[in-house]
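Asks:
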Amino acid sequence: MKLQHYLGGLEDLGPATFEKRVFVEEWEKGIFGIHTAMMALSPQLPLPATPSTFHTIWTWADLRKGAESLNPFDYFKFRYYEKWLGGISGYFIAHGYITEDELDAKTAEYLADPDKPLPAGGDPAIDQRVEQYLAQGDSPKSDAGPAPVFNKGDTIGVKDVPTIEHTRLPGYLRNHTGVVETVYPGNYGYLCDTGPDGAGPPMPVYCVGFDPQQLWPGNAETNFTIYADLYAVYVTEPDAVPAPVVKAA
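For the sequence shown, position 45 matches number 45 in UniProt numbering, and the numbering has no gaps at all.
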């Protein structure tokens with residue numbers, strides 16, 4: 001589990017910033033637009049062909065992996081869309097759309113002359129595909145996949161799956177038990193194969209409730225429940241998780 005993700009229960013990480021603006025600076029809107037266009041033009045989607053030269057798969061998962069690959073100290077230093085910028089830039093370099101030297105040169109060019117006009121472009125076919133994608137979305141719900149093993153009210157255990165590149169399982173829930181609140185109808189896939197982590201193909205998803213006193217003994221409020229939506233691959237029988245370690249006083 002990478003340090004900078006799913007930080008429930010960790011203390012002394014410094015002051016929290018509660019920025020309520022969606023976009024703090026104007027350039028962030030452009031990053032959001034680039035990400036949206038990349039998703040819409042991703043070739044695995046059943047949408048009309050366009051003359052776009054973008055030919056590789058890009059999803060929310062790729063965006064997350066790009067941000068998560070940052071050094072933890074950089075991750076905490078940069079703002080939200082700065083992490084997006086780093087992940088997208090790294091993706092374009094890794095897939096051969098631009099070299100690192102070309103990107104550095106273009107960056108220096110615009111830093112030297114911030115008012116320099118951006119390249120002209122645009123194609124109605126590309127715009128139409130992006131608009132169609134925004135209108136219909138890309139649902140993860142599927143009729144394929146196995147039937148759920150657990151039912152509402154069942155106690156389940158949470159596995160400690162190996163995390164190599166990306167995960168949707170919070171670290172603070174691992175090796176704990178909870179109670180199934182909801183079994184969502186249908187099955188749900190993830191945007192990419194997460195390898196040994198196990199998410200990817202369509203599977204049941206459970207809403208599971210956890211007692212915060214079990215998660216953080218002696219260091220949590222009482223009389224409330226923490227809920228998490230968990231892929232079936234993350235849950236198991238309660239006796240399959242190790243007993244909690246009790247620290248001596």
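Backbone N, C-alpha and C define an ideal beta-carbon position, used for all residues, glycine too. Here the structure is a predicted model, which means the values were calculated and not measured.
Using a threshold of 8 Å, state whether the C-beta atoms of Y188 and P202 are closer than that.
Replies: Cβ distance < 8 Å, so Y188 and P202 count as in contact.
Asks: Where does V161 sit, in a helix, a strand or coil, going by DSSP?
Replies: coil
Asks: What residue from D154, L103, P15, V233 has the CA that sits closest to G209's CA?
Replies: D154
Asks: In chain order, which alpha helix (DSSP H) runs of at least 4 residues are fully inside the stretch 11-68?
Replies: 26-41, 60-68
Asks: Would you mind sorting G27 into buried or exposed? The rule is 16 or more other CB atoms within 10 Å of its CB.
Replies: One detail in the question is off: residue 27 reads as Trp in this sequence, not Gly. The residue in question, W27, is exposed, as its Cβ has fewer than 16 Cβ neighbours within 10 Å.
Asks: Here's the rule: buried if 16 or more other CB atoms are within 10 angstroms of the residue's CB, otherwise exposed. What is D239?
Replies: exposed
Asks: So, at 6 Å on beta carbons, what are the nonlocal neighbours of R174 in its own chain, with the 5 sequence-adjacent residues on each side left out?
Replies: V158, D160
Asks: First and last residue of the beta strand (DSSP E) that includes L111?
Replies: Note, L111: premise wrong, no beta strand (DSSP E); alpha helix (DSSP H) at 100-112.
Asks: What number of angstroms, rounded off, separates the C-alpha of P51 from the C-alpha of H95?
Replies: 18 Å
Asks: Determine, using beta carbons only, whether L103 comes closer than 8 Å to chain C.
Replies: Given the protein chain composition of this structure (a single chain), no chain C is represented.
Asks: Is the beta carbon of L41 less than 8 Å from the beta carbon of R129?
Replies: In contact: L41 and R129 (Cβ atoms closer than 8 Å).
Asks: If distances are taken between C-alpha atoms only, which option among D138, F76, Q136, G145 comes closest to V233?
Replies: G145
Asks: Which residue's Cα is closest to the Cα of Q214: T225, V205, Y133?
Replies: T225
Asks: So, do the stretch 43-57 and the stretch 113-131 have three or more beta carbon pairs nearer to each other than 8 Å?
Replies: yes
Asks: So, are the CB atoms of I156 and T236 less than 8 Å apart?
Replies: Yes; because the gap between Cβ atoms is below 8 Å, this pair is in contact.
Asks: Mapping DSSP to helix, strand and coil, what is D211?
Replies: coil
Asks: Can you tell which of P72, I57, P204 has the C-alpha that lies nearest to the C-alpha of S142?
Replies: P204
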